[in-house]
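S.K.: According to the working numbering, the residues represented by the sequence shown are 60 to 323, in order.
Following this message is one structure expressed as structure tokens.
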Amino acid sequence: ATGRLSSSNPNLQNIPIRSDMGKAIRKAFTAEGDGMLLSADYSQVELRILAHLSGDEALRSAFEKGEDIHSRTAAEIFGSSIDNVDEESRRMAKAVNFGIVYGLSAFGLSRQLKISQRDARDFIDQYFGLYKNVKVYMENTVSEARKNGYTLTLFNRRRYLPDLNSKNRQVREGAERVAINSPIQGTAADLIKVAMIQLSHQIRDMKLQSKMILQVHDELVFECPVEEKTKMESLVKNEMEGACKLSVPLVVDMGWGKNWNEAH
Numbered sequence: 060a061t062g063r064l065s066s067s068n069p070n071l072q073n074i075p076i077r078s079d080m081g082k083a084i085r086k087a088f089t090a091e092g093d094g095m096l097l098s099a100d101y102s103q104v105e106l107r108i109l110a111h112l113s114g115d116e117a118l119r120s121a122f123e124k125g126e127d128i129h130s131r132t133a134a135e136i137f138g139s140s141i142d143n144v145d146e147e148s149r150r151m152a153k154a155v156n157f158g159i160v161y162g163l164s165a166f167g168l169s170r171q172l173k174i175s176q177r178d179a180r181d182f183i184d185q186y187f188g189l190y191k192n193v194k195v196y197m198e199n200t201v202s203e204a205r206k207n208g209y210t211l212t213l214f215n216r217r218r219y220l221p222d223l224n225s226k227n228r229q230v231r232e233g234a235e236r237v238a239i240n241s242p243i244q245g246t247a248a249d250l251i252k253v254a255m256i257q258l259s260h261q262i263r264d265m266k267l268q269s270k271m272i273l274q275v276h277d278e279l280v281f282e283c284p285v286e287e288k289t290k291m292e293s294l295v296k297n298e299m300e301g302a303c304k305l306s307v308p309l310v311v312d313m314g315w316g317k318n319w320n321e322a323h
């Protein structure tokens, strides 16, 4: 419903990244012959889309300065400089940043971070105090979706949400969370597909031997001859970062390797 692609037989979108088992599995996916795999991954794309849609100046400023948004949020919440943010504080801020996008409640955040609901509520309140326009955007998005019966991505793709008018509170609140998230996640899904189409055309028109072989959410994977490495890195970066014009920069992280694990 969000527009994301799915995968099956095998489900390559469901292979863990950080676990030892996931890394071992990814090592099994290797480039043919002397070729290399290129992994190109959008950096924090959903939060960048949120910054654009909400117009929140603090959020936009952090991305425009090239700051790590989780460290910036942690610094503001815990009252430290961004350079002094430790891994635990950043982890907690990351959970808040992404939790807001998915409509995570204080109860859900407390379970995820293993903290009290009061502390979780304080974190969420501090987040909205820092990024004030995000809350306004969320409220307006739900209101518009209830009035129109659907939400829109930046590419004007609709998602209909009849449950926004449900008399069942749980069903209605679930639809409200979907209304908030769909324009964000849906736009992310749209823009990577735009990038895929443009890259497919460019690779064909430039008569390159490189192949796009996989899409995993915000990541594209290519199999490339070594001699096309420089051309492909430039091409992929330009097309992915230029797939959609936002008020904050889109950033793509790239890596090369003989296998998928090395490239990521």
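Where a beta carbon is used, it is the ideal one built from N, C-alpha and C, also for glycine.
If you're wondering where the values come from, they're calculated on a predicted model, not measured in any experiment.
For Glu105, which of Ser98, Leu118 and Gly94 has the nearest alpha-carbon?
M.R.: Leu118
S.K.: Beta-carbon within less than 7 angstroms of Ile76's beta-carbon, same chain only, minus the 5 sequence neighbours each way: which residues are those?
M.R.: His323
S.K.: Output the boundary residues of the alpha helix (DSSP H) element that contains Phe122.
M.R.: Glu116 to Glu123
S.K.: Is any beta-carbon of chain B found at less than 8 angstroms from that of His276?
M.R.: Of the chains in the structure shown, none is chain B; there is only one protein chain.
S.K.: Am I right that Asp222 and Ala234 are in contact with their C-beta atoms under 8 angstroms? What's the rounded C-beta distance?
M.R.: 4 angstroms
S.K.: So, for Gln268: in the same chain, excluding its five sequence neighbours on each side, which residues have a beta-carbon less than 6 angstroms away from its beta-carbon?
M.R.: Pro284
S.K.: Three-state secondary structure (DSSP) at Glu91?
M.R.: coil
S.K.: Less than 8 angstroms separating the beta-carbons of Tyr186 and Asn240?
M.R.: Not in contact: Tyr186 and Asn240 (Cβ atoms no closer than 8 angstroms).
S.K.: Would you call Ser78 buried or exposed, if buried means 16 or more other Cβ atoms sit within 10 Å of its Cβ?
M.R.: exposed
S.K.: Use the C-beta contact count for Tyr190: other C-beta atoms within 10 angstroms, 16 or more gives buried, fewer gives exposed.
M.R.: With 16 or more Cβ atoms within 10 Å of its Cβ, Tyr190 is classed as buried.
S.K.: Considering only residues of the stretch 144-196, which uninterrupted alpha helix (DSSP H) runs meet the minimum length of 4 residues and lie entirely inside it, listed in chain order?
M.R.: 146-160, 165-172 and 176-189
S.K.: Which residue or residues does DSSP assign as beta-bridge partners of Asn274?
M.R.: For clarity, residue 274 is Gln in the given sequence; the question names Asn instead. Note: Gln274 sits in a beta bridge opposite Leu279.
S.K.: By Cβ distance, which residues of its chain are closer than 8 angstroms to Phe166, with the 5 residues on each side in sequence left out?
M.R.: Gln176 and Ala179
S.K.: Rounded to whole angstroms, what is the Cα-Cα separation between Gln261 and Ser139?
M.R.: Taking the straight line from one Cα to the other gives about 46 angstroms.
S.K.: State whether the stretch 202-221 contacts the stretch 127-146, with contact taken as three or more CB pairs (one from each stretch) at a distance under 8 angstroms.
M.R.: no
S.K.: State the CB to CB distance for the pair Leu279 and Ala99, rounded to an integer number of angstroms; the pair is presumed to be in contact (CB under 8 angstroms).
M.R.: 5 angstroms
S.K.: What's the gap between the Cα of Ile159 and the Cα of Glu123?
M.R.: 21 angstroms
S.K.: Which two residues bound the contiguous beta strand (DSSP E) that contains Arg355?
M.R.: Beyond the ends of the chain as shown, which are 60 and 323, falls residue 355; an answer cannot be given.
S.K.: Output the distance between the C-alpha atoms of Leu220 and Ser113, rounded to the nearest integer angstrom.
M.R.: 21 angstroms
S.K.: Just to confirm, is the Cβ distance from Ala110 to Val237 under 8 angstroms?
M.R.: no
S.K.: Return the first residue and the last residue of the beta strand (DSSP E) that Asp312 is part of.
M.R.: Val311 to Gly316
S.K.: Kindly identify the DSSP beta-bridge partner or partners of Asp100.
M.R.: Glu278 and Asp312
S.K.: From what residue to what residue does the alpha helix (DSSP H) around Pro242 run?
M.R.: Arg228 to Asp264
S.K.: Between which two residues does the alpha helix (DSSP H) holding Gly320 run?
M.R.: Checking the displayed sequence, the identity of residue 320 turns out to be Asn instead of Gly. Unbroken alpha helix (DSSP H) run through Asn320: Trp319 to Ala322.
S.K.: Please go through the same chain and pick out, in chain order, the residues whose beta-carbon is closer than 8 angstroms to the beta-carbon of Glu298, but skip the five residues on each side of it.
M.R.: The residues Ala254, Gln257, Leu258 and Gln261, in chain order, have a CB closer than 8 angstroms to that of Glu298 in the same chain once the five nearest residues on each side in sequence are set aside.
S.K.: Do Leu213 and Cys303 have their C-beta atoms within less than 8 angstroms of each other?
M.R.: yes
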